[in-house]
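This report refers to the structure that appears directly beneath it.
Protein chains: 2
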Amino acid sequence: MNGVNYGNSVLGSQGSSRLSAPTRRERLRTSTLSEIKEEARRLLVTGGPDAISLRAIAREMGMTAPAIYRYFDSLDALVEALAGDLYAELSEVVATAKQDAGDDPVTQVKAMARAFRGWSVAHPAEFALILGNPLPGIVAFQESCDEEHHPGVEFGRPFMETINALWLRERYATPPRTLMEERLAAHLEPLRASHGDQYPIEVTWAFLSGWSRLYGLVSMEVFHHLRWAVSDPGALFEMELHAYVDQFTSQKS
Amino acid sequence: MNGVNYGNSVLGSQGSSRLSAPTRRERLRTSTLSEIKEEARRLLVTGGPDAISLRAIAREMGMTAPAIYRYFDSLDALVEALAGDLYAELSEVVATAKQDAGDDPVTQVKAMARAFRGWSVAHPAEFALILGNPLPGIVAFQESCDEEHHPGVEFGRPFMETINALWLRERYATPPRTLMEERLAAHLEPLRASHGDQYPIEVTWAFLSGWSRLYGLVSMEVFHHLRWAVSDPGALFEMELHAYVDQFTSQKS
DNA sequence: TGCCATAGTTAACGCCGTTCATCTTCCTAA
DNA sequence: TTAGGAAGATGAACGGCGTTAACTATGGCA
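Here the protein sequences come in this chain order: C and U. In terms of the UniProt record's numbering, the first sequence opens at residue 1 and continues consecutively. In terms of the UniProt record's numbering, the second sequence opens at residue 1 and continues consecutively.
Okay, structure coming up:
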């Protein structure tokens with residue numbers, strides 16, 4: 001019956017203040033809202049995704065669980081909002097690393113990859129929430145989200161742009177263009193829908209290939225799936241990064 | 001107070017039958033045991049890892065929840081046993097694919113990779129349980145398991161052997177040996193503990209690099225982390241497989 | 001001043017894992 | 001053949017969970 005319950009989108013009945021200082025009510029609301037999410041993150045960090053519970057959050061805040069329903073429609077909605085925040089945080093970390101890396105695309109790629117790994121290793125629980133096994137509630141969210149504004153798109157953009165700059169400069173080696181056109185190009189509509197046709201297929205391939213390699217290695221490290229093989233996953237990571245970047249800078253095949 | 005509760009390891013007080021026909025009791029026990037795990041898997045498939053509950057299993061079996069404690073010490077122990085079975089199943093699928101692929105290592109690598117993806121895509125919930133975000137109870141299991149008999153070791157063995165055969169034949173390109181010795185070799189004790197020193201560092205690198213690429217791509221597909229980019233992840237997979245194998249067969253750098 | 005949306009409460013329902021005391025059934029050892 | 005004990009299964013209970021419904025207090029605006 002109630003309207004959708006999220007953020008400060010409640011827009012007080014009368015305009016109150018169109019753009020200037022928010023109402024006292026609004027200030028309190030946003031404050032409580034972020035306190036809830038902070039508490040949820042704390043639980044996430046200490047006990048994993050399943051440890052996030054309305055009752056625990058409320059207890060920690062000196063409230064009762066049903067009160068949280070004034071701010072989120074369900075536990076899933078809360079977790080979803082938290083996931084959105086974390087996605088933005090990670091995106092910004094990566095984007096900042098790129099900005100701080102100077103103008104060389106090779107340096108930029110390395111900086112972004114290291115920043116991604118750094119954040120992930122430092123925040124394994126958060127990584128699990130947004131990039132691991134998606135929870136049942138999150139799956140629906142991902143499917144319902146229209147492709148154009150999917151958080152993954154914004155996250156991948158700086159990678160994509162850098163790989164493109166690299167391509168313009170180096171014309172690095174890729175699988176044969178005919179093969180890529182034939183087997184891959186037909187299935188890239190989703191990506192085209194968000195990035196347009198501005199990138200050649202070589203760039204698209206290099207981006208997807210690189211992202212999957214980065215993701216695979218980092219998530220194996222974060223989830224301890226490398227413990228049986230390597231004592232310091234960072235060394236393996238640097239090795240792989242070297243191999244990936246080398247692909248772009250050595251002479252073409 | 002009770003002894004550890006798993007499998008048919010209860011060993012009836014008196015020897016009863018050392019090696020021949022198992023007791024009626026034992027037959028019933030193993031039958032119930034596997035029925036519990038089957039029901040658990042059914043719940044896993046239909047509702048994800050969190051849907052596995054003792055009460056639901058018991059309900060479906062016409063029992064009460066506490067009865068299951070005669071067979072498993074806890075829900076975590078049950079899930080852990082199920083994960084072990086699934087690991088074995090996946091390992092066998094991959095090993096069989098290799099056997100059916102003839103003698104050429106390149107063909108073998110492709111067959112194993114495709115078999116791995118095939119099983120994973122066909123059984124996403126099972127994949128999530130054994131290769132995704134580890135549940136809190138599973139983490140302890142992985143850490144307590146002595147490295148030598150870690151299921152991951154047996155799973156990776158056919159890959160490792162094939163990559164080695166490929167190396168003996170092709171002497172494919174890798175990162176410079178000096179770099180690998182310097183940065184990677186010092187951190188491979190866990191892998192050496194299980195496989196011995198029989199493999200040169202080039203093989204180890206190619207194996208770990210390939211496994212992480214395979215894992216990354218497949219888990220992104222299984223977890224729908226590629227939906228925003230690619231409509232048919234299989235095409236991207238074949239592309240990446242091509243690029244990986246090509247690395248081994250084209251002329252050395 | 002009166003109103004009413006907003007924030008918060010208590011109580012309850014049905015899930016869950018787990019423990020405990022209890023009962024039945026079956027196998028074995030005397 | 002029978003007594004005893006182990007193994008299997010039960011019902012009741014505890015505390016925790018998400019969620020709903022009915023209810024109370026309060027702050028800000030007409």
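Ideal placement from N, C-alpha and C gives every residue a C-beta, glycine not left out.
Where Glu153 (chain U) meets chain C, residues with beta-carbon distance less than 9 Å
Position 153 of the second sequence holds residue 153 (chain U). At residue 153 (chain U) the sequence reads Val, which differs from the Glu that was named. Chain C residues near Val153 (chain U): Trp228, Ala229.
Flag this pair as yes or no: are the beta carbons of Ala235 (chain C) and Leu191 (chain U) separated by less than 8 Å?
Numbered from its first residue, the first sequence carries residue 235 (chain C) at position 235. Numbered from its first residue, the second sequence carries residue 191 (chain U) at position 191. No, these two residues do not count as a Cβ contact at 8 Å.
Taking the straight line between their C-alpha atoms, what separation do you get for Ala128 (chain U) and Gln108 (chain C)?
Locating residue 128 (chain U) in the second sequence gives position 128, counting from the first residue. Locating residue 108 (chain C) in the first sequence gives position 108, counting from the first residue. Each residue's Cα considered, the two are about 33 Å apart.
Interfacial residues, the stretch 102 to 126 of chain U to chain C, with Cβ spacing under 8 Å
none
How about Val218 (chain C) and Phe116 (chain C): are their beta carbons less than 8 Å apart?
On the first sequence, position 218 is the one that residue 218 (chain C) refers to. On the first sequence, position 116 is the one that residue 116 (chain C) refers to. Yes, they are a contact pair.
Backbone CA spacing between Ala173 (chain U) and Leu33 (chain U) [nearest angstrom]
Here residue 173 (chain U) corresponds to residue number 173 of the second sequence, with the count starting at 1. Here residue 33 (chain U) corresponds to residue number 33 of the second sequence, with the count starting at 1. Rounded to whole angstroms, Ala173 (chain U) to Leu33 (chain U) spans 50 Å at the Cα level.
I'd like to check one pair, Val106 (chain U) with Phe248 (chain U): are the Cβ atoms closer than 8 Å?
Here residue 248 (chain U) is taken as the residue at index 248 of the second sequence, counted from 1. Here residue 106 (chain U) is taken as the residue at index 106 of the second sequence, counted from 1. Going by C-beta atoms, Phe248 (chain U) is nearer than 8 Å to Val106 (chain U).
Would you say Ala40 (chain U) and Leu82 (chain U) are within 8 Å of each other, going by their C-beta atoms?
The residue you call residue 40 (chain U) lines up with position 40 of the second sequence. The residue you call residue 82 (chain U) lines up with position 82 of the second sequence. Yes.
Every unbroken alpha helix (DSSP H) within the UniProt domain "HTH tetR-type" (30 to 90) of chain C, with a cutoff of 4 residues, ordered by chain
54 to 61
Would DSSP call Gly102 (chain U) helix, strand or coil?
Counting from 1 along the second sequence, the entry for residue 102 (chain U) is found at position 102. Coil.
Does Pro66 (chain C) get closer than 8 Å to chain U when you measure Cβ to Cβ?
Indexing the first sequence from 1 puts residue 66 (chain C) at position 66. No, its Cβ sits nowhere closer than 8 Å to a Cβ of chain U.
Of the residues C:Pro175, C:Glu240, C:Glu170, which one's Cα is nearest the Cα of Glu240 (chain U)?
For this step, residue 240 (chain U) is matched to residue 240 along the second sequence. Nearest C-alpha to Glu240 (chain U): C:Pro175.
Chain-ordered neighbours of Pro200 (chain C) on chain U, where CB pairs are closer than 9 Å:
As a first step, residue 200 (chain C) must be located in the first sequence, where it is residue number 200. By Cβ distance, chain U contributes nothing, its closest Cβ being about 15 Å from Pro200 (chain C), past 9 Å.
I'd like the span of the alpha helix (DSSP H) that includes residue 335 (chain C), first residue to last.
Here chain C has residues from 1 to 253 only, and residue 335 (chain C) is not among them.
Could you tell me whether the Cβ of Ser209 (chain U) comes closer than 8 Å to any Cβ of chain C?
In the second sequence, residue 209 (chain U) corresponds to position 209, counting from 1. So yes, Ser209 (chain U) belongs to the interface.
Return the chain-ordered list of same chain residues with a C-beta closer than 6 Å to the C-beta of Val153 (chain U), the five sequence neighbours on each side being excluded.
For this step, residue 153 (chain U) is matched to residue 153 along the second sequence. Closer than 6 Å at the Cβ level, and outside the excluded window around Val153 (chain U), lie Ser194.
Option in U:Leu214, U:Asp197, U:Arg70, U:His187 with minimal Cα separation from Phe159 (chain U):
Here residue 159 (chain U) is taken as the residue at index 159 of the second sequence, counted from 1. With distances taken between Cα atoms, Phe159 (chain U) lies closest to U:Leu214.
In this structure, how does DSSP classify Trp119 (chain C) when only helix, strand and coil are distinguished?
Taking the first sequence and counting its residues from 1, the one referred to as residue 119 (chain C) is at position 119. Reduced to three states, the DSSP call for Trp119 (chain C) is helix.
Using a Cβ-Cβ cut-off of less than 8 Å, give me the residues of the stretch 210 to 223 of chain C that come near chain U, in sequence order.
Ser212, Arg213, Leu214, Tyr215, Gly216, Leu217, Ser219, Met220, Phe223
Determine the contact status of Ala101 (chain U) and Gly48 (chain U), defining contact as a CB-CB distance below 8 Å.
In the second sequence, residue 101 (chain U) corresponds to position 101, counting from 1. In the second sequence, residue 48 (chain U) corresponds to position 48, counting from 1. No, the Cβ-Cβ distance between Ala101 (chain U) and Gly48 (chain U) is not below 8 Å.
Output, in chain order, the set of chain U residues within a Cβ distance shorter than 7 Å of Asp232 (chain C).
On the first sequence, position 232 is the one that residue 232 (chain C) refers to. His187, listed in chain order.
Tell me which residue opens and which closes the alpha helix (DSSP H) that Tyr244 (chain C) is part of.
For the purposes of this step, residue 244 (chain C) is identified with residue 244 of the first sequence, where counting begins at 1. Run containing Tyr244 (chain C): 233 to 249, per the alpha helix (DSSP H) assignment.
I'd like to confirm something about Met220 (chain U): is its beta-carbon nearer than 7 Å to some heavy atom of the ligand ZN, or not?
In terms of ligand content, the structure shown is empty, and the ligand ZN therefore cannot be addressed.
Buried or exposed: which applies to Glu80 (chain U), given that a residue is buried once 16 or more other Cβ atoms fall within 10 Å of its Cβ?
Here residue 80 (chain U) refers to the residue found at position 80 when the second sequence is read from its first residue. That one is buried.
In the DSSP assignment, the alpha helix (DSSP H) including Ala186 (chain U) goes from what residue to what residue?
Walking along the second sequence from the start, residue 186 (chain U) turns up at place 186. Per DSSP, Ala186 (chain U) belongs to no alpha helix (DSSP H) and is neither H nor E.
When the cut-off is 8 Å and only beta carbons count, does Ser16 (chain C) lie next to chain U?
Position 16 of the first sequence, counting from 1, holds the residue named residue 16 (chain C). Note on Ser16 (chain C): pLDDT 40, under 50, position unreliable in the model; the coordinate value appears next. So no, Ser16 (chain C) is outside the interface.
For Leu166 (chain U), report the span of its alpha helix (DSSP H) as first-last.
For the purposes of this step, residue 166 (chain U) is taken as residue 166 along the second sequence, with counting starting at 1. Element bounds for Leu166 (chain U): 151 to 170.
Can you tell me which of the three DSSP states Leu135 (chain C) falls into?
Sequence index remark: in the first sequence, residue 135 (chain C) carries index 135 (1-based). The answer is coil: DSSP assigns Leu135 (chain C) none of H, G, I, E or B.
Assuming Ile163 (chain U) contacts Ala185 (chain U) under a Cβ cut-off of 8 Å, what Cβ separation, rounded to an integer in Å, is found between them?
Numbered from its first residue, the second sequence carries residue 163 (chain U) at position 163. Numbered from its first residue, the second sequence carries residue 185 (chain U) at position 185. Not confirmed; about 17 Å, so no contact.
Which residues in chain U sit within 8 Å of Asn164 (chain C), going by Cβ to Cβ distance?
Residue 164 (chain C) sits at position 164 when you count from the first residue of the first sequence. Correct list: empty, because the minimum Cβ distance to chain U is about 15 Å.
Could you name the residues of chain C that Arg183 (chain U) contacts, counting a contact when the two beta carbons are closer than 7 Å?
Your numbering for residue 183 (chain U) matches position 183 in the second sequence. Correct list: Ala235, Glu238, Met239.
Whole angstroms is fine: what's the gap from Pro136 (chain U)'s alpha carbon to Thr178 (chain C)'s?
Taking the first residue of the second sequence as 1, we reach residue 136 (chain U) at position 136. Taking the first residue of the first sequence as 1, we reach residue 178 (chain C) at position 178. In a straight line, the C-alpha of Pro136 (chain U) is about 47 Å away from that of Thr178 (chain C).
Span separating the alpha-carbon of Leu75 (chain U) from that of Leu54 (chain U):
Indexing the second sequence from 1 puts residue 75 (chain U) at position 75. Indexing the second sequence from 1 puts residue 54 (chain U) at position 54. Rounded to the nearest angstrom, the two C-alpha atoms are 7 Å apart.
Could you please tell me which residues of the UniProt domain "HTH tetR-type" (30 to 90) of chain C, in chain order, have their CB closer than 8 Å to any CB of chain U?
Gly47, Gly48, Pro49, Asp50
Closest residue to His150 (chain U) among U:Leu226, U:Ala88, U:Leu28 (Cα-Cα distance)
Taking the second sequence and counting its residues from 1, one reaches residue 150 (chain U) at position 150. Of U:Leu226, U:Ala88, U:Leu28, the residue nearest in Cα terms is U:Ala88.
Check whether chain C comes within 8 Å of Met180 (chain U), counting only Cβ atoms and requiring the distance to be less than that.
As a first step, residue 180 (chain U) must be located in the second sequence, where it is residue number 180. Closer than 8 Å to some Cβ of chain C, the Cβ of Met180 (chain U) qualifies, so yes.
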